[in-house]
Every structure is written in structure tokens, then in C-alpha cells.
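There are 2 protein chains.
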Amino acid sequence: MYRTHNCGELRISDQGIDVKLAGWVQRVRKLGGMTFIDLRDRYGITQLALDEKAPEQLISTVESLGREFVIQAIGTVIERASKNPKLPTGDVEILLKEVNILNKAELPPFTIEDDTDGGDELRMKFRYLDLRRAPLRKALELRHKMAQEIRKYMDSQQFLEIETPYLIKSTPEGARDFVVPSRIHQGEFYALPQSPQTFKQILMVAGYDRYFQIVRCFRDEDLRADRQPEFTQIDCEMSFVEQNDVLEIFEGLAKHLFKNILNVEFNYEFPRISYNDAMNYYGCDKPDIRFEMKISDLTNILKGKGFAVIDNAEYAGAVCAEGCAEYSRKQIDELTEWVKRPQIGAKGLIYIKVGNDGIKSSIDKFYTHEELQVVVDKMGATKGSLILILVGDKKITLSGLSALRLEMGTRLGLRNNKIFKPLWVVDFPLFEYDDETKRYYAMHHPFTSPIMEDMPKLESAPDEVRANAYDFVVNGVEVGGGSIRIYDSQIQRTMFRVLGFTPEEAERQFGFIINAFKYGAPPHGGIAFGFDRWCAVFGGADSIRDYIAFPKNNSGKDVMIDSPSFISTEQLNELGIKLMEKK
Amino acid sequence: MYRTHNCGELRISDQGIDVKLAGWVQRVRKLGGMTFIDLRDRYGITQLALDEKAPEQLISTVESLGREFVIQAIGTVIERASKNPKLPTGDVEILLKEVNILNKAELPPFTIEDDTDGGDELRMKFRYLDLRRAPLRKALELRHKMAQEIRKYMDSQQFLEIETPYLIKSTPEGARDFVVPSRIHQGEFYALPQSPQTFKQILMVAGYDRYFQIVRCFRDEDLRADRQPEFTQIDCEMSFVEQNDVLEIFEGLAKHLFKNILNVEFNYEFPRISYNDAMNYYGCDKPDIRFEMKISDLTNILKGKGFAVIDNAEYAGAVCAEGCAEYSRKQIDELTEWVKRPQIGAKGLIYIKVGNDGIKSSIDKFYTHEELQVVVDKMGATKGSLILILVGDKKITLSGLSALRLEMGTRLGLRNNKIFKPLWVVDFPLFEYDDETKRYYAMHHPFTSPIMEDMPKLESAPDEVRANAYDFVVNGVEVGGGSIRIYDSQIQRTMFRVLGFTPEEAERQFGFIINAFKYGAPPHGGIAFGFDRWCAVFGGADSIRDYIAFPKNNSGKDVMIDSPSFISTEQLNELGIKLMEKK
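If you read the sequences in order, they're chains A and B. The first sequence begins at 1 in my numbering and counts up by one. The second sequence begins at 584 in my numbering and counts up by one.
Right under this line is the structure:
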């Protein structure tokens, strides 16, 4: 037996007993005649103490120890002379009788501390060393606990966890698939699932009533920062439900997790706001409602007063930052440059300061004091506030105002990552029109049901049709999304037609699900949560990367194992594929 | 709201209340003036009753119902006139006030009953209908419960569930990989994991101490019956452990599952038998010990008596079937043909009957009564027994005796699938020699540690080296297997050398793990269980197929979704690959 205890469990009540511990050498210090070693494992750190009168061999073994050596330590638990109240084991230490080196370690290329000196790529290459650091260990422990609690709740609600296949069929609708060449059926390919969408609907047709799965999904997209080619989804589906049934069950899940993981309790129903309100008041469909600072539409108020910039614009809107009226010229200039960056794309920034000595504005020349006062009143701006106005194309400007709002929220300290404000966004548009390909795309996916009252407009006015779809948003992050599905094969066919599929294309790609619907499909709906993302939000982190044990880098590479990589000609021949010449 | 209750929960105590149910029409019967409908969902069946005096419209709706229609039924819970004690809901029925057809159904191509009239391929194609049948539903419910209980136990033992990547690196050692072409890095490929072996070892190096995962694995093998290209593994690894620590923890898991899933308790330690004993006494490394009938080695007893068939053979062995002494000539002939089939490959079958009127044998001519009595005594054969002897090459003959033993066990009703006899098989050989490629292969995998005392023979006598490996076997099925791993990079290098890797090949394929071992690898070991298999064993089934929601057929096809399938030229071009011309 390598150990009697782990490095996190000894207490003063264990004083006097003989123990064996095993772990990694975190640090060796000499103090007076004594040598102290911090021994680390997943469970904690325990101090080992070596007396200068110890046998010579033991002393020389301890002297040979380096950082990250793996050792077994045998000794007696004693009370520490100088206790460390920061460590649960800080009242005791082990007076060493024997040390066995289980494995040596080369000097790590960066320090294994909470704040390390290693750069990103180096830490990715030596991920096994980075994973030893407490912040990453805590991130993966949080993820483990989340997964257990999710399953506990779902099981209690009679959901069955059912595994769906990973080797499925390529459906070019949506994002790009990763494909897998078949050796036995040469020339044919499997595809890795972008989500188990069709399978979970099939399970509803099969009568499974309540399904969930914590499941890997794959998307071969051009990687943006913080996107991963493989990611994990909490995938759920229910039969005989309407939208409210789904929201209630999953609001229950969220509350269960908030309570059991973070000890945060919500005694109220999460707000449900429409997509249109989200866009109009927050400029985006995943509003951060930890702070108010809603966007006001000033178009009607400001237009027609002879200021060409606004008169010629589609839209003018503003946010009001309390306590920022004293912003200096330099600060305003800097903010102006910030909104003019290509990511935001504003042409400029208009301000109205509501100072102690009255209203001052960059558009004093074009608007009377009374006209500006109307803006101040409409926005309910109190003394000390700074009103920031953007003008232009409505869509771009709202998106700019959203970014500006978040930026001001951050600057004002209103976005504390220990505070959580969840909400539902509902009533999304069913379709998006793509100017380039001149066709409609399903905003959610082609199985999403329209809202019943909009059904007549499905073919005549697709733009106006709202989807029976919903997103779950926490602190400005879209944590999950879902919809009530179409369960009538006629409506499904209409849907494909609006999306520009010929009946043959629809049949070839989705024939099996259209057919399944003929044999008694129940009304159903569901939701999928981004598990990596949800963990990161709970952990208070901006990036999902630390919540994934072995993430890929921004070009989709695993630099630790050096993948993707070349494969042998034999493998290619067996699969019946050849590489194209590089251009 | 579609329903107030599900179809499995109403009881006599609910009498008088108004309810809404939703589900599938299992059956419609007329009896006297009444019409009865069995309404089915995942939770059960509830009887609906329609009075002949009901409103005309309701009657005509009910008359239009077909099998598998999806309906909502509204009515009052009443006591049944004739109760059905076989159904939990059998004391009540719903007196119908309203029926709403939620979806019609075409006539299913086979009956949705416990025993269906559908053939294999048809049921695979309409898997969503097959999955409605109770045996499959119960199989997937068992699987769900198994997964929950596994996680509960592992969590209680401080194992962290950590997800490892699916897009990894191809390593030609072992079975064939499925590969995934990279679009961003053209000409390079990811591979799907055959198991997370290297990642779980990396997690031990990273200090995670106890890891598990219920995870999909992939092998591109030529499919045998009951093999799936994707299958699910319960993958586990622990640090600072020796073999006994691992076996104790996972014997605990097995006992937890036996208790909580099957209500079977084991008050004893599972037997641990060596690979050599398993081969000698049962003829295989996964013995079914629900019954005794051990193989006896008769080589020394029978050789040298002048019977050329045996004198020229390497080996003679026998099993003793109690109560079969009265087998007729015809039965013996039929058994003889059975062992001569190519799957078994015996040249013939020798018998000794221990009848009431003394010993009779097919080799009377060559052996005296006393010589045969020695055999009878050695085997402890009681009156009424039939001794069955196979002769020939030792390996083939033992394998034949294993099959014969199982066959006789089945014929004698000794293999009841409600009785479970688990055991551990230990001390496997480390290597297998392959005559064709003239090299050694790792019997388990190249990271398996030799048993310490055999370490000196690693390079000098690889054949004699035993692995620190173990298999978990239940009722003749290998449910799991694992080993203590090599954690010293020098020994790992030696291992690769014995396996015929050049240092460059070892570095290219496994460099990252060999390197990881340099930075402080703890002693570690683990195990992986075949989850599909374990579910099938618990369910008392021979095939895993019913325990997988969407299995592939024997040629690796999913006939429901028609996968694999052809992909578009655009997709191929984007990936930079071409198909070879078919020969």
C-alpha cells in the first residue's frame, strides 16, 4: 500500500499516529536545522519535517529531491510549531522516518503555481503540468460536480440518459460536418454529429418521453477565439409539452445547479423577455441584466431638427452611464476611438453630460437645451450621468450600443462575476434571410415549430413568423437554447420548401425523420445547453478553455499529442482515398 | 397542458378525479356496448372506456383510431368492472369525455408487442418502432440505471469524471483507427480513440489521482457478430495503487451494481484465478463458473498404452457431464459431429460412460477396464456420468473442450442467466508472439507493467513474462480488463524495443506520453469495462444490440439513417481528398 492517507486529510486529532503519504514535492525549505517539504496531491498539501538529527541516508535522500519528484513519505503526525491557518492540514506536520523516491522529475518548463510564468502555447504543450495547477484542478472538479448534479436532477425528473451514435450521416445544412471515411463501404463516409438533434426527436417518436444526454458534438468551423471543434452539450428532449412545460423543468435544473454548486438561491421566476425587447433594450439576444442601463431609442426625438448626421440615419439610440458626467475630454475621445474600432464600426460618439452645472453636449450646436432635456427626461438620467448616443444603420448601431453598454458596465464595476442574473429570451424569428445566397435559413434549425398564430404566414411572409424557440442566458452568455418541434410531417415538408429544399433533397437528407413522423409522433420540444460554457460561467471565467481537460488551440490543433497529423499510405489505401496535391 | 398524469400512475385511490392522459393507442376492443382502448406510454398502460351512450362525435373519433395513433384522452377515473391484476393500473379505467387526435399513424410494418413479427433488418430500419417494444424499453431503462449507479459509486470513491478528446491522433499499434480528415490542416488527419488509454495515464501524471469516464470508443475492425464499430466503455484509472487496491475498488463497484440493479448480494470475495489455471481447467480465459465440470488433463494417463491417436497427440483432456451416461448412440454421434464442426475443429470425440452396469467406452479396445477406471477416478466421475475426451494439439483441444463444456452446461440447464458468478482472472502473459509478422505483440497494450519478479526476463525471455493485468469475468463473458501500468520511462522504452519499435517510431507515436513520464509520473493502474456488454449480462441477454439505442448492423451500417453515405464533391474538395477509382 502506497499511502494510508491523502495529502489533504490529516488534522490535529491524528497527532501521534504513523502514516504513509504519497505525492509530488511542491517545495523544499530549510529553516534552522530543520528541512520542510510541502507534499502535494489532488486533495491538498501536507508539510513533511526532517530533523537535522535524522539518519544520514534519509537526509541525503531528502537533499536529492527536486521540484515535482514523486515520493512516498513515512512518519509520525506531530503538532506544528508554527501553524498555517490557510491550510486545512496546517496544524500538523509529518516527522519523517523514511522517504522513498517513486519517480524523479525533470525541471518543469514553468512553475506549478496558481499564477504561472508559462506562456499559452507552452502550457498547452505540457498540458499535464498545467493541469497540476490549482485553478485548473478546481475547474475540472467543478465540471465533475456539475455533471453529477445535472444527472441527479434529470434522473429525479424521470429523464432517461440515452446514448446516441457518433458515426452518423452528413447533412450539409447548418455548420460543416467532420466526416469519417468508411473502409468497408469504400467511397462512403460517416459524419460526426453537430448535435444529436434528429436522434433525440426519433427517441420521442419511439415513446421515450424524457431524454437527456451529456454528449460531445463536433463542428468543423473556422475557429474563432474560444470556439472548439469538439464541445460538450447537455442535450434534452420531452414529449407532450408546450413551451412553458419545458421552461419550468429547465429553470428547475438551473436553480438546482445554482443551489447545489454555488449555494445561490433564486426565489423568483427567471424573467422571460422577447427577442424584440432584447434587441431593442440591450442591442443583442443575450442580454447581461446584472445591470440596467437599457438602450433608449432616440430616433424620433432627435430626427428632424436639422442635424444631418441624425436626419440621414436610420436610427439613433443611447445608453446612460451613471456617475460618468465628469468624464474628461481625453476620456471621451478614448471612448470615441473605442466605438470607431472595426469590431464596433460606429462613425462617432455623441454625448450629453448631465453635470451639476447643467447639461453639456457634443451636439449643443444642433439642439436646444430644451430638446436635450427631452432626451435626459426620456432616459431618466439623473445628475452625474453621461448619455452616450450612437447613430446609423439600426442593426449595426444596436450592436454597437450593446458593446458600449457592456463596456460601460465593466468600467463601472457592474459586472461582478459572483452575481448571477439568468433569464429566458423567447419569440425568436423563425428564419434569417441571407442576401448572398438569396434564401432563408432556419435561425434555430429546420425542426423548430413556428408559433401557432404565425403558422398561416409560413409561406406568405416568412420574415414575420416567430419561432416557438427560447434561449437561456446568464450574465450575457447564451448558456442554452431550444424549441418546440414540428411534429406534423406536412408542416415539416412546408418548412423544407421555404428553406429552398427540393422534395428530393429533403427526402435524401432527412427522409428517415420525415418518415418516422408518419408513425405517430407526439408533440415534443427540448433544449441543449453548452456544458463547457455553463461551467465557465459558474467558475466566473471568460474562457471555456480551462474547463476542458484537453482543449485544442485556435487552429484546431492538440499541440500536446501533435494532432492532426499525417497518416500512412497503407491507411489511405485501405480507405480508398488519395490526398490532393497542395496548390 | 397535454396531460395531468402518465399512463402508469393511476390507482384505485384516484377514483373520481378528472384526468388528462396522452399516449399511443396500443389496442382497441369492443365488448358488449363498450369500447376499450389500451393507451400506452413509457410508464405503462391505462385502459380508456367509451360508453355507447357517449356523444356521437366522441364515438366517431374513437372509431377512427388506428394502432399507434397519438391521442389525448380526457375523462374520469372509475373502478373497473373486471380488474387486471397484471397491470399496476389494472384496478381503474378512464371513462372518456373527450378524445383529441394529436397525430395519426400509418400502420406499422410489424407489431409493437413483446414478441414481434418483424425481421431483423426491418426492425433496424424502423428502429423507432422497435424501440417502442417493452423489451427494448426495459433494456435502455436498465442501461440508464446502470450509468447512474456507476457514477454514484465512482463519485463516492472520489473518482472525477473527466472528458477526454474524441479528435486525437492515429496510432497504428492495436486495432485499426477511424480517421477524420482535417480541413484546416489539409493532408492531416485526426483519429477517433480506440480508448482514452494515453489520456487517462496523462491525467495520472497530472495528479488527478482517480479518474473515470463513461465514454465512446471506436474500432474499425472487420465486424464479427455482436461487434460494433462504436461501443461504450467505463474507463477508470487510479494513482498510488497496486493490483489489489484496484481489484478491491472495482469489486466494490460490481457489488454495488449487483445490489442496486439486480438486488443480488455477494458476501464473499470474488475468486481470483490465474490465466494458466483458467486455460487448464476451463480451456479459456473467461470461464463460466456457474457450473463446475472442470477440464481434466488426461495426457499422462492415456498416453503410451498403444492407442496411436492419443500416443501421437500433444494433449488429451476431458470433461465429465453428470447424468448423461444414458446418452444414446445417436446422441453421441450428434455430439461428435458438433465437435467436428470447423468452429471447434476436433478430429473426433471419445467417451466413457459410467453406467449402472459398469464402464463403457469408445476406446474399450485400447484400454483395459482398470486403465479406464483410473480416468474415472481422476475425474471423480460418479455413477451416471458421461466423460467426453478430446485429443490433439493442446491449444486447439483446450479451446474445443471449453466449447464442449459450455455446450454440455447449456444442455444440462446449468447456465441460468438469473444466476451470476463473477471472478477475476489474473497473471496474463505480457506478450503474444505472432508467427506471421514474426514479432511480439502486447497482449493487453504496450503500457502494461510486467509483474515485478518477471522484470529481469523482459528482454531475455519475453514469453515467460507475466503481465500485472486482470480481467473481470461474469458468466463466461469478459466484462472488463485492466492492468498496472509502466510508470518508468526507461521500462517503457524497453517495452517498445521488445515490441519491435525503433526509438524513432516510439517517439513519433508515443513521444508525448514517454515525455510526460519524465516529469513525475506516479505509480498507477486502471481498468475498463465494456458498458454495452455489462448491461447485456445484467439483462440476461446474449447480444449487446438491444442495449444500444441505435446500433449498426453487421456491415457497420446504420440502416435507419442510411449511413455511411456519399458526400458531395464540394465537401471532398474542401478536405483536399479524392476517392480512388474502384477496382
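C-beta atoms are modelled at their ideal positions from N, C-alpha and C, and glycine is treated no differently.
Secondary structure remark: continuous beta strand (DSSP E) runs of at least 3 residues inside the stretch 277 to 328 of chain A, in chain order: 315 to 321. When rounded, the separation of the alpha-carbon atoms in A:ILE184 and B:ALA891 is 47 Å. Annotation: A:ALA139 to A:MET1 spans about 30 Å, alpha carbon to alpha carbon. Using a Cβ-Cβ cut-off of 8 Å, A:GLY119 does not count as an interface residue toward chain B, since no Cβ of chain B sits closer than that to its own.
The beta-carbon distance between B:ILE733 and B:LEU836, rounded to whole angstroms, is 7 Å. This is short enough to meet the 8 Å contact definition.
For B:GLU704, no beta strand (DSSP E) encloses it; the enclosing alpha helix (DSSP H) starts and ends at 703 to 708.
When 7 Å is used as the limit between beta carbons, A:PRO503 is near no residue of chain B, the shortest such separation being about 17 Å. Using a Cβ-Cβ cut-off of 8 Å, B:ARG715 is close to ALA206 and GLY207 of chain A, given in chain order.
Rounded to the nearest angstrom, the Cβ distance from B:ARG873 to B:ARG998 is 6 Å, consistent with a contact under 8 Å.
The alpha-carbon separation between B:PRO776 and B:PHE1149 amounts to approximately 24 Å.
Secondary structure note for A:MET408: its alpha helix (DSSP H) is the uninterrupted segment 394 to 411.
Listed by position along chain A, the residues whose Cβ is nearer than 7 Å to that of B:MET1143 are PHE512. If you look at A:GLN26, you'll find it in the beta strand (DSSP E) that goes 18 to 31. Rounded to the nearest angstrom, the gap between the Cα atoms of A:MET293 and A:TYR275 is 18 Å.
Between B:GLN1073 and the set B:GLU990, B:SER665 and B:ILE1096, the nearest pair of CA atoms involves B:ILE1096. For the stretch 715 to 803 of chain B, the continuous alpha helix (DSSP H) assignments of 4+ residues that do not extend past its boundaries occur at 717 to 739 and 780 to 788, in sequence order.
With 16 or more other Cβ atoms from the protein chains shown falling within 10 Å of its own Cβ, A:HIS444 counts as buried.
Taken through DSSP and simplified to helix, strand or coil, B:TYR1016 comes out as strand. With respect to B:ALA904, B:LEU981 sits apart: the two C-beta atoms are not nearer than 8 Å. DSSP places B:MET584 in the coil class of the three-state scheme, outside both helix and strand.
The way I'd put it, the stretch 553 to 566 of chain A doesn't touch the stretch 628 to 638 of chain B; fewer than three beta-carbon pairs between them come closer than 8 Å. By the neighbour-count definition (other C-beta atoms within 10 Å, threshold 16), A:GLU237 is a buried residue. Residues of the same chain with a CB within less than 7 Å of the CB of B:ASP818, apart from the 5 flanking positions on each side, are SER778, PRO779, LYS783, PHE795, GLN796, VAL798 and ALA1111 in chain order. Between the C-alpha atoms of B:ASN850 and B:LEU725 there is a straight-line separation of about 24 Å. It is roughly 23 Å from the alpha-carbon of B:LYS1040 to the alpha-carbon of B:ASP868. In terms of Cβ geometry, B:TYR1024 and B:ASP1017 form a close pair [threshold 8 Å].
Per DSSP, A:ASP38 is one residue of the beta strand (DSSP E) stretching across 34 to 41. Under the three-pair Cβ rule at 8 Å, the stretch 604 to 614 of chain B counts as touching the stretch 642 to 660 of chain B. The DSSP-derived three-state label of A:THR76 is strand.
Interface annotation, A:PRO193: not in contact with chain B, CB-CB separation never under 8 Å. If you check each beta-carbon in the stretch 516 to 538 of chain A against every beta-carbon of chain B, the ones closer than 7 Å belong to ALA516, LYS518, TYR519, GLY520, ALA521, PRO522 and PRO523. Closest in C-alpha terms to A:ASN6, from the list B:SER822, B:PRO692 and B:ILE878, comes B:SER822. Neighbours of A:HIS445 across chain B, judged by C-beta separation under 7 Å, do not exist; the nearest C-beta is about 16 Å away. Looking at the DSSP output, A:LEU58 shares a beta bridge with no other residue.
Contact of A:MET238 with chain B is not assigned, every C-beta pair being separated by 8 Å or more. One finds nothing in chain B with a Cβ atom closer than 9 Å to the Cβ of A:TRP424; even the nearest lies about 19 Å away.
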